[in-house]
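> Quick one: this structure, given as structure tokens, is what I'll be asking you about.
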Amino acid sequence: MSDQILTLHVGPSQLLSKLCDEIELEKTINDLVKWDSVRCHVSPGTRIKALVLNILCSGKPLYKVHEFYQNLDSEMLFDTSVSPDQLNDDALGRALDYLYEAEAWKVYSTIALKALKN
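Following the working numbering, the residues of the sequence shown are numbered contiguously, the last one being 125.
In structure tokens, the structure reads:
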């Protein structure tokens, strides 16, 4: 019996993920938006980070973002293991709703200031 080796294409997503980590994108969003950590399996910060990486690396439309993550190692990109199915358009849309309710410009300003300090 031979062992199978699974190779995954990383591309620029790993570098961009680390840049998002440097400016604390996920943490800042999770701190500034109202969300239920008990009911949400994936935090809004992780979902928004998934959108950012998708936009910068592939530009797939919202309803196809999960396809972008099918051949990527989510554990390398996010703090937790996230399956592509958890990044469906409904879940991503809810994260955008949370961002809107928290006044996106305030969240953006906070993240931008953190980026400038680093």
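Ideal placement from N, C-alpha and C gives every residue a C-beta, glycine not left out.
Note that this is a predicted model, so its numbers are computed, not measured.
Just tell me which of 67, 13, 86 has its CA closest to the CA of residue 99.
Among 67, 13, 86, the Cα nearest to that of residue 99 belongs to 67.
> State the start and end residues of the unbroken alpha helix (DSSP H) segment that holds residue 10.
No alpha helix (DSSP H) holds residue 10; DSSP gives it neither H nor E.
> Under 8 Å between the Cβ atoms of residue 84 and residue 20?
Yes; because the gap between Cβ atoms is below 8 Å, this pair is in contact.
> Just to confirm the assignment: which complete beta strand (DSSP E) runs, minimum length 3, are found wholly within the region 11 to 45?
Listed in chain order, nothing qualifies, since the region 11 to 45 has no complete beta strand (DSSP E) run of 3 or more residues.
> Can you give me the Cβ contacts of residue 94 inside the same chain, cut-off strictly under 8 Å, excluding the 5 residues immediately before and after it?
Excluding positions up to five away in sequence, the list reads 49, 54, 57, 72, 73, 76.
> To which residues of the same chain is residue 70 closer than 7 Å at the C-beta, ignoring the five residues directly before and after it?
Cβ within range, chain order: 96.
> Which of the three DSSP states is assigned to residue 125 in this structure?
Note: residue 125 maps to coil in three-state DSSP.
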